[in-house]
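Here my numbering = 1-based position in the sequence shown + 14. What follows is one structure encoded as structure tokens, with my remarks underneath.
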Amino acid sequence: MTDDKSMYAAARDHLWMHFTRLSAYAETDVPVIVRGDGPYVYDARGRRYLDGLSGLFVVQVGHGRSELAEAAAKQAAELAYFPLWSYAHPKAIELADRLADLAPGDLNRVFFTTGGSEAVESAWKLARSYFKQVGKPMKTKAISRAIAYHGTSMGALSITGLPDLKKEFEPLVPSTFRVPNTNYYRRPDESMTPEQFGIWAADRIAEAIEFEGPDTVACVYLEPVQNAGGCFPPPPGYFQRVREICDRYDVLLVSDEVICAFGRLGEYFGAKRYGYQPDIITSAKGLTSGYVPLGAMIASDRLVEPFLSGTSSFNHGITYGGHPVAAAVGLANLDIFEREGLNGHVRANEQLFRSYLERLTDLPIVGDVRGDGYFYGIELVKDKATKETFNEDESERLLRGFLSKALFDNGLYCRADDRGDPVIQLAPPLVCDESHFAEIEQILRGVLTEASARM
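Pasting the structure below:
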């Protein structure tokens, strides 16, 4: 690019941005982020923004970590690429061994991908293949929760519980079904305690399995804290009940931790935080803190056993899965976690972070603050007393017409989302401390106060 003007023109004319209304930039420049440092990013015009979403729930250790760049350069110079198709390389072996040590229980086999959608897709394929191997070929169906996002590839999108995201690509892969999520704020009976709501929500999974036929259901996909809809933590006892249900019907529990793994909840895996044992974990994002794309499906010993003898093979693979450079960066990223105690840092500061966000509940537009670790959602309402939400036109004006731009203009990059009820989502880098919590609260307060007046 010869100048800024040509750069912005090229972005407008040639770059197809993801999940973006391209018409929004017909008369205005695309924001161009050029560098990052710690929890901050900077645009091409020199403005600084607090990265309140870790890019996309990704940059756990913060921006500008030279040792991760150096790990990538060193590996690229030594072995830039070799596939894992019947071969191995040292960094993939070392990272798989390390992840097996960190994963709960007997999740000891690591299948590398390049991202979360591929990990989710791989888990469904493994579930189907496994049950064929053990003589239960009819077990193919997948159950997931309402409003849950699990990826954009055709299989992962089929499992996703967001109708508006799916409709233009239908028909999708058949045999996926939805159950209620764990949004306690919107529970069906206000008299329910969190424990009662958790059991009620888990039992809907058993109900769905019975309705579809236990001999046809292969797996259930659940995030430790559901992202889409605005950070729904599990009620007490929820995952324990789900585990009992999965065991009863011989259904695999897939813990989709593409967002929640690697410190987002103060543990390497969310399953450990909430005390449940999955059959498969899907992960990506924070595995390398986004410095290089990498994902992983981590499976139990039980699931790999049919493939350990004879001519059986899991006939699935990804060209760049377990890329040597990505694996090297993943190892260096885990080194930072250990050296700086990032999981402990999150656990020590999560209540402080929450307390800053809960100060916003004095605003009439803030209905609920929920989440765990460094992962929170703020639900916006039209009437706090009745929990009345905004209609479609109001949500459009509030989120896209005002909030997203206003927050960014005031120096906070985060997500204003209405895939469920309108929410603001926050997932800052794990290195953030009280000074950053205060900055987030101050910016949110100013913008939400104006938003409330506008509505």
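Here a beta-carbon is modelled for each residue, glycine too, at the ideal position from N, C-alpha and C.
- prompt: Got a sec? Which residues, its chain only, sit under 6 angstroms from A94 by beta carbon, not counting five neighbours each side?
  reply: none
- request: Please list the segments of the beta strand (DSSP E) lying wholly inside the stretch 226-267, counting only runs of 3 or more residues, in order along the chain.
  value: 231-236
- request: With distances taken Cα to Cα, identify the nearest neighbour of L345 among R26, L116, V256 and F33.
  value: L116
- prompt: So, is Q365 buried or exposed, given that buried needs 16 or more other C-beta atoms within 10 angstroms?
  reply: exposed
field: Option in V343, A38, Q439 and R414 with minimal Cα separation from G385
entry: Q439
- request: Using three-state DSSP, classify L64 as helix, strand or coil.
  value: strand
Outcome for V48 when other beta-carbon atoms lying within 10 angstroms are tallied against a minimum of 16: exposed
message: Quick check: what's the CA-CA separation for L36 versus S297?
response: 30 angstroms
message: For R218, tell me which candidate among F183, V272, A310 and R159 has the shortest Cα-Cα distance.
response: R159
task: Confirm, please, whether the CB-CB distance from V360 to L371 is below 8 angstroms.
output: no
- request: May I have the straight-line CA-CA distance separating W138 from A156, to the nearest angstrom?
  value: 8 angstroms
message: Any contact between the stretch 84-102 and the stretch 273-286? By contact I mean 3 or more CB pairs, one from each, below 8 angstroms.
response: no
task: Please name the residue or residues paired with M311 in a DSSP beta bridge.
output: F125 and T296
- request: Check each candidate in N363, R433, E448 and D57 and name the one with the smallest Cα separation from F1.
  value: Since the first residue of the chain shown is 15 and the last is 469, residue 1 is not available in this structure.
task: For L29, count neighbouring C-beta atoms within 10 Å of its own C-beta (all shown protein chains included) and say buried if the count is 16 or more, exposed if not.
output: exposed
query: Going along the chain, which residues of its own chain have a beta-carbon closer than 8 angstroms to the beta-carbon of L374, five neighbours each way excluded?
result: V380, V383, I392, E455, L458, R459 and L462
Alpha-carbon spacing of I223 relative to K398, whole angstroms: 36 angstroms
- prompt: Do G244 and V437 have their C-beta atoms closer together than 8 angstroms?
  reply: yes
- request: Could you tell me how far apart the beta carbons of L67 and A441 are, in whole angstroms, since I believe they sit closer than 8 angstroms?
  value: 5 angstroms
- prompt: Residues in its own chain within less than 7 angstroms of H103 by CB, not counting five upstream and five downstream?
  reply: L93, F96 and P338
Burial state of G130 (16 or more Cβ within 10 Å): buried
Residue from A114, T230 and G212 with nearest C-alpha to P151: T230
- prompt: Can you give the Cα-Cα distance for I173 and T190, rounded to whole angstroms?
  reply: 6 angstroms
query: Looking at C-alpha atoms only, which residue of K299, D293 and P307 is the closest neighbour of D315?
result: D293
field: Euclidean distance between Cα positions of L121 and I312
entry: 6 angstroms
- prompt: What did DSSP end up calling S80 once you bin it into helix, strand or coil?
  reply: helix
field: Candidates A216, G415, D270 and P188: closest to V134 by CA position
entry: D270
field: For G309 and V148, the rounded distance between their alpha carbons
entry: 27 angstroms
message: Nearest by alpha-carbon distance to L113: which of L348, G165, P188 and S143 is it?
response: L348
- prompt: In the structure shown, what three-state DSSP assignment does D447 receive?
  reply: coil
field: Contact belief for E255 with G212 at Cβ below 8 angstroms, rounded distance in angstroms
entry: Rather than Glu, the amino acid found at residue 255 in this sequence is Arg. Contact holds; Cβ gap of about 7 angstroms.
field: Beta-carbon gap between D43 and Y54 smaller than 8 angstroms
entry: no
query: Which partner residues does G385 have in the DSSP bridge list?
result: Y390
task: Tell me whether S409 is buried or exposed, calling it buried when 16 or more other Cβ atoms sit within 10 Å of its Cβ.
output: buried
task: Can you tell me the Cβ-Cβ gap for P307 and A340, rounded? I've got them flagged as a contact below 8 angstroms.
output: 6 angstroms
- prompt: Just the Cα atoms here: how many angstroms apart are T196 and C446?
  reply: 28 angstroms
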